[in-house]
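Quick note on my numbering: the sequence shown kicks off at 72 and runs consecutively. Before any comments, here is the structure.
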Amino acid sequence: MRTIEWDPKGTVKMIDQRKLPLEFVVVEFDDYRDVARAIHDMYIRGAPAIGAAAAYAMALAAQQSSATTPGGLIGDLRTAADILRGTRPTAVNLFWALNRMLRTAQASETKDVEGLVQELVAEAEQIAGEDIEINRRMGAYGAALVEDEFNILTHCNAGALATVDYGTALAVVRAAHEQSKRIHVWVDETRPRLQGARLTAWELMNEGIPMTLIADNVAGHLMRTGKVDIVFVGSDRTAANGDVANKIGTYKLAVVAKENGIPFYAVVPTSTIDLSVPTGDDIPIEERSADEVTHPGGCQVAPDGVQVLNVAFDVTPHRYVTGIVTENGIAYPPFRRSLRQMVEA
Ligand code: MRU
């Protein structure tokens, strides 16, 4: 199934990613506040999937509203959007999807509330459907960078699970594999939440794509000893100058890649490009709870009461980024111009 989907009876279904790879559990919600909690608690995660979840949550909020006029319904949608905005600060797709849903409601010429609810459900479905189409296009552009027998390194999970389907960085991997290129993927485990070990490994193994799981600290050694040909990562928000915010640890990879002459690409739908933030310094960086570091997988690994800093994302300055693969082509430096072209295409 898709990572997230709308059930015609008026509910949202999503894979509970906290349980993977040990259990495949699908949860179903009819209240937008539960979807907000699911985003915050990372039942669903990955910037594009968070965007789709926010859009479906707005469709639920419309359904739940007891308003009798379109104006009243829009007021209830604004309240829902405020709650959803508070779930995760870095992934810009969240805010992008909420704004798109609010704009749809405001632009609607429908006079009856039921008609407006149907329009909002259709818009959420449209956002989710577009995501898959966009990912396939990014996969096709990115796969042209991959040669036969390449060793690819990736971080976190920028796969089907991080999107509605097919993935961003893993879209490139999938597309190259579909083209029968003999590739191998080094998968960073990605502490502290282990999205690489739990999710990327699960996805690639399910599809029979050759891969090896590594502890995060191994990547530098592999790059220095010539075992990595190219790096592909996703992004939660990319600034106008090409600075890329992504899962914590990405910056370190990019610096070591440059030091070793290895191309480093971010695979980024234009919905993740935030032209309103001039540089990565303006991107809000999420901090999460200490227990994600002290109790990975529920198992205590640090002393009781230890002080912890759990920063969930970092910013890779654009000078370390070789190119940014979007659904409209690959942007190269100077990014300020090329990213704008990609967004406006
Ligand atoms: O904290 P997460 O799991 O939501 O972080 C996900 C990432 O960092 C991904 O690389 C990013 O969202 C791009 S995914 C297509």
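Just so you know, even glycine gets a beta-carbon here, dropped at the ideal spot from N, CA and C. Since the structure is predicted, the reported quantities are computational estimates derived from the model, not experimental observations.
- Can at least three beta-carbon pairs, one atom from the stretch 295-305 and one from the stretch 263-275, be found at a separation below 8 Å? no
- Query: Which residue from Ile-145, Pro-141, Ala-215 and Ile-333 puts its Cα closest to that of Glu-249?
  - Reply: Ala-215
- Item | Counterpart residues of Leu-224 in DSSP-defined beta bridges | Trp-257 and Val-302
- Item | Nearest-angstrom Cβ-Cβ length linking Tyr-114 and Leu-131, presumed shorter than 8 Å | The pair is not a contact, with the Cβ atoms about 15 Å apart (cut-off 8 Å).
- Range of the contiguous beta strand (DSSP E) that encloses Asn-317: 315-318
- Task: Measure the beta-carbon distance from Thr-225 to Asp-259 and round it to whole angstroms, keeping in mind my assumption that it falls under 8 Å.
- Result: 7 Å
- Query: If you measure from the CB of Asn-331, is any heavy atom of the ligand MRU nearer than 7 Å?
  - Reply: no
- Tell me whether His-389 is buried or exposed, calling it buried when 16 or more other Cβ atoms sit within 10 Å of its Cβ. buried
- Message: Taking 7 Å as the cut-off, is the C-beta of Gly-238 nearer than that to any heavy atom in the ligand MRU?
- Response: yes
- Message: Let me check you understand the geometry: is the CB of Val-304 closer than 7 Å to at least one non-hydrogen atom of the ligand MRU?
- Response: yes
- Message: Any heavy atom of the ligand MRU closer than 7 Å to the beta-carbon of Asn-288?
- Response: no
- Item | Identified DSSP bridge partners for Phe-335 | Val-302
- Query: Across which residues does DSSP place Ala-310 in a beta bridge pair?
  - Reply: Asp-345
- Leaving out the 5 sequence neighbours to the left and right, which residues in its chain are closer than 7 Å to Asn-164 when beta-carbon positions are compared? Ala-118, Pro-119, Ile-121, Gly-122, Ser-342 and Thr-343
- Task: Given a cut-off of 8 Å, decide if Asp-101 and Gly-81 are closer than it, judged by their beta-carbon atoms.
- Result: yes
- Query: Taking Cβ positions, are Val-304 and Ala-240 nearer each other than 8 Å?
  - Reply: yes
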